[in-house]
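In the UniProt record's numbering, the protein residues as written are 1 to 582.
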């Protein structure tokens, strides 16, 4: 027993020491090499998954790197739905870009600005400062030798009338804060004195359009928020809250296996989330959606909050770039690239992530692998340049033929760059009620798991993928805080973010409301509970022994980098969950 106690003590002290050392190391970067005008300039547009993976992997001793992005931080988008309901704080999934660039070997310039024009012929680009506070210079032009184009995409509205005016998107951190404010705004408005029963039902109707991972995870998080927190603080309204998910395809989550789709549908039915598949939105009005169901009938869906999560489309700067080389760029989905991620029709330009039109799904996993691949390409390009210079110097010095042949062969090897090959590591999604689904490749097939155990695997996988130790500790602490203390429900009338465009409308304030007192009945429930359905296979939580198998299928860095502190938080939360159920 004494030996066990000493072992535990040493382990805890070692883990604590690692946390302190790692935190100190990240907060105190060392000296960097200065800018070298003789080196080629690499301009990186964006700081999303592709750009961040590229910068993290790149050895920039041979390049002058410039990063330009409208935001000065990396956002961990898979956990963004958790921010909309207060499960996580926004700061917990943000990491400043300079926390990365300050640890690079050579000094890297970072500009918070928006690029509005790229000239692939002159190899120049123009960008402007769109912040609220500007200096004397708010726009300029920069030349590049290599351009890493990873600006992402914007929300796809399919040209449907009213979407941009009335829907909330879920792509940036200020979108999540806006949704969070509107959730509480709708509930407080429903609770307002003299509100009619019909208006109460409308305000308490939350509609999600889009049955992909973003829409499904948001619906699951919203259900948890309503059932675990709002039910305690708004008991007279909780039973009247309705969540509806609209999807044009026959099923939600089409990238998952059939049994996991069925499990998700069954879980949503248990949670009284109404799924409308084969339903296409035709128009969005201020207080209702007009959609066409599978019988070609027009149906109205009143809403208090509408979240639009239907996919991506090219940004204006991307369309402008495509128009400059129309002979090579003729795809409506995005930029065409070759097998080495080079932009077709433009010299020295590489395109990554959601702005490209490839055979891969527009996911963070694909973008991150593309970024790491391109960093290795740049390493080879730098090595090739060094070998060419060495070969030229050897020729001028009259070196022996054997040495010249050796250098020439080395140049050939450095010129042989393997094409990008995507390695799918699996798909994860949270579906609410402490349940998640996982569809992972294993041997010659896929391993499908679902339930409570998979939920903790989902958390472990995401917490290990977070950018830094700081993020992991903050997210773990937020999860524990939410389980023990609950979510924070006050109204936040001032979203944290700002629009990327100066002409974006300001956030609507709740300060002025008209008070009216029509005759109305007391608060009563107006819709019946949906029937309880049996859960198809795989039924119930996946067995715990599945988790080591799942972790074994992930990269070593993913399965072993979970911090001890956050692992402890997950175990404590599991205990709290079991205690609450008991």
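Note that the Cβ used here is the ideal one computed from N, Cα and C, for glycine as well.
- Per DSSP, the continuous beta strand (DSSP E) segment holding residue 292 begins and ends at 288 to 292.
- In this structure, residue 22 lies near residue 469, with their beta-carbon atoms less than 7 Å apart.
- Here residue 110 carries a strand assignment [DSSP, helix/strand/coil].
- For the 7 Å CB-CB criterion, residue 363 and residue 335 do not form a contact.
- Restricting attention to 479, 444 and 447, the CA atom closest to the CA of residue 460 is found in 479.
- Bounds of the beta strand (DSSP E) holding residue 298 are 298 to 302.
- In this structure, the alpha-carbon of residue 39 lies about 6 Å from that of residue 64.
- The DSSP-derived three-state label of residue 216 is helix.
- Judged by their CB atoms, residue 128 and residue 135 are not nearer to each other than the 7 Å cut-off.
- If you draw a straight line from the Cα of residue 79 to the Cα of residue 213, it comes to about 11 Å.
- For residue 235, the enclosing alpha helix (DSSP H) has its first and last residue at 235 to 238.
- Assignment of beta-bridge partners to residue 206 by DSSP yields 243 and 305.
- Cβ-Cβ separation between residue 253 and residue 261: approximately 6 Å, consistent with a contact (criterion under 8 Å).
- Judged by their CB atoms, residue 304 and residue 202 are nearer to each other than the 7 Å cut-off.
- The C-beta separation of residue 147 from residue 475 comes to about 33 Å, leaving the pair out of contact by the 8 Å criterion.
- Ranking 170, 452 and 186 by CA distance to the CA of residue 82 puts 170 first.
- With respect to the 7 Å criterion, residue 435 and residue 267 are classified as neighbours on the basis of their beta carbons.
- With contacts defined by Cβ atoms closer than 7 Å, residue 14 and residue 352 do not form a contacting pair.
- Straight-line spacing of the CA atoms in residue 224 and residue 177 works out to 17 Å.
- Judged by their CB atoms, residue 208 and residue 245 are nearer to each other than the 7 Å cut-off.
- Between residue 318 and the set 96, 166 and 115, the nearest pair of CA atoms involves 115.
- For the pair residue 323 and residue 193, the Cα-to-Cα distance works out to about 55 Å.
- Linking residue 413 to residue 420 through their CA atoms gives a straight-line distance of about 17 Å.
- Distance check between residue 342 and each of 299, 314, 417 and 205 places 417 closest, using alpha-carbon atoms only.
- The C-alpha of residue 298 is placed about 10 Å away from the C-alpha of residue 279.
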